[in-house]
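Here's the structure, in structure tokens; my notes come after.
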Amino acid sequence: MRWLVFATVLTSACAQDSGHLGNPLLWPVSGATTLFDNATYAQRRGTVEVIVKSNFDAIIADIGSGGGPTLTDAMDAAGIPPRDRPARIIQLQSNIGLYQANPGALVTALMVYGG
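This is the structure we're talking about:
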């Protein structure tokens, strides 16, 4: 049994991937990149949130009718590709009850669809 544990420890040291931490020399670059990505996401989410909350009734109407200018503005801000929008509108329509009661859920859905 001890031999099996010892062999496992030795062979795990030979793995190509050292886990989720990556190269320690690149940690500062990775940290800076993550900081920039988080700031970009927060700014984009804030823009989507302002559009949704200030035009909430119009966006709900646009979802119900299968699209419209206000929903298009929100999708543009969220970064949803135009080719994906018809499918996303159908998904939004299927959950319209949730979004009518919770604008934050609509913001989250748009951000998820936008990637």
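Mapping of the sequence shown onto this note's numbering: position 85 corresponds to residue 493, and the numbering continues sequentially without gaps.
Glycine residues also receive a C-beta, built at the ideal position from the N, C-alpha and C atoms.
These figures come from a predicted structure and were not determined experimentally.
The Cβ atoms of ALA485 and ILE467 lie no closer than 7 Å to each other. Below 8 Å, enough C-beta pairs join the stretch 447–457 and the stretch 478–498 to call them touching: three or more.
In summary, THR448 is exposed, with fewer than 16 beta-carbon neighbours lying within 10 Å of its beta-carbon over all protein chains present. Under the rule that a run must span 4 or more residues, the alpha helix (DSSP H) segments found entirely inside the stretch 479–515 read 493–502 and 504–509.
Of the residues assessed, ILE498 falls on the exposed side of the cut-off, its CB having fewer than 16 other CB atoms within 10 angstroms.
Cβ neighbours of ARG493 within its own chain (closer than 7 Å, five residues either side excluded): MET483.
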